[in-house]
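Numbering (this note's numbering), first residue to last: 18 to 157. Glycine included, each C-beta is placed from N, C-alpha and C at the ideal position.
Put into structure tokens, the structure is as follows:
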């Protein structure tokens with residue numbers, strides 16, 4: 018599976034815990050950073066995030082190998098499915114030197130109206146932009 022979006026992450030000294038690795042909370046912040054970068058790259062200024070948003074409703078994560086201060090990593094992001102009210106996303110944290118997947122995730126994000134306070138259909142412009150960027154994917 019090809020990941021077209023890649024975001025290099027700078028590991029900071031403060032990211033490392035007493036055990037010597039980036040703990041789960043820090044890794045979630047890496048994923049958040051890459052997710053926002055993905056949307057900025059794919060959607061640009063098309064979306065008014067104050068009007069509607071995609072919020073994480075479900076997240077599965079596998080921590081496969083420790084991330085240490087000396088590692089050079091990137092987060093790879095891919096939307097693999099677009100539903101009526103949700104999108105599915107994969108993200109991997111990968112060691113740039115070895116290609117090893119350190120952390121692997123699968124998540125579901127729901128389209129949400131800030132004004133209405135409830136889920137909404139994924140806007141058509143979002144679907145179009147995702148398809149332009151990703152190419153083929155599963156649409157339900």
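Of the residues the options, which one's Cα is nearest the Cα of residue i?
i: residue 41; options: 74, 19 and 122; result: 122
i: residue 53; options: 38, 35, 37 and 73; result: 73
i: residue 76; options: 147, 51, 125 and 145; result: 125
i: residue 26; options: 20, 145 and 84; result: 84
i: residue 50; options: 134, 141, 110 and 19; result: 110
i: residue 71; options: 153, 131 and 152; result: 131
Roughly how many whole angstroms lie between the Cα atoms of residue i and residue j?
i: residue 107; j: residue 95; result: 5 Å
i: residue 60; j: residue 81; result: 31 Å
i: residue 93; j: residue 78; result: 14 Å
i: residue 118; j: residue 127; result: 26 Å
i: residue 24; j: residue 87; result: 17 Å
i: residue 34; j: residue 28; result: 12 Å
i: residue 138; j: residue 37; result: 43 Å
i: residue 150; j: residue 21; result: 8 Å
i: residue 56; j: residue 145; result: 13 Å
i: residue 129; j: residue 135; result: 6 Å
Buried or exposed, going by whether 16 or more other CB atoms sit within 10 Å of the CB of residue i?
i: residue 69; result: buried
i: residue 90; result: buried
i: residue 115; result: exposed
i: residue 183; result: In this structure the chain extends from 18 to 157, so residue 183 is not present and cannot be described.
i: residue 147; result: buried
i: residue 101; result: exposed
i: residue 32; result: buried
Put residue i into one of helix, strand or coil per three-state DSSP.
i: residue 71; result: strand
i: residue 88; result: coil
i: residue 105; result: strand
i: residue 33; result: strand
i: residue 151; result: helix
i: residue 114; result: coil
i: residue 53; result: helix
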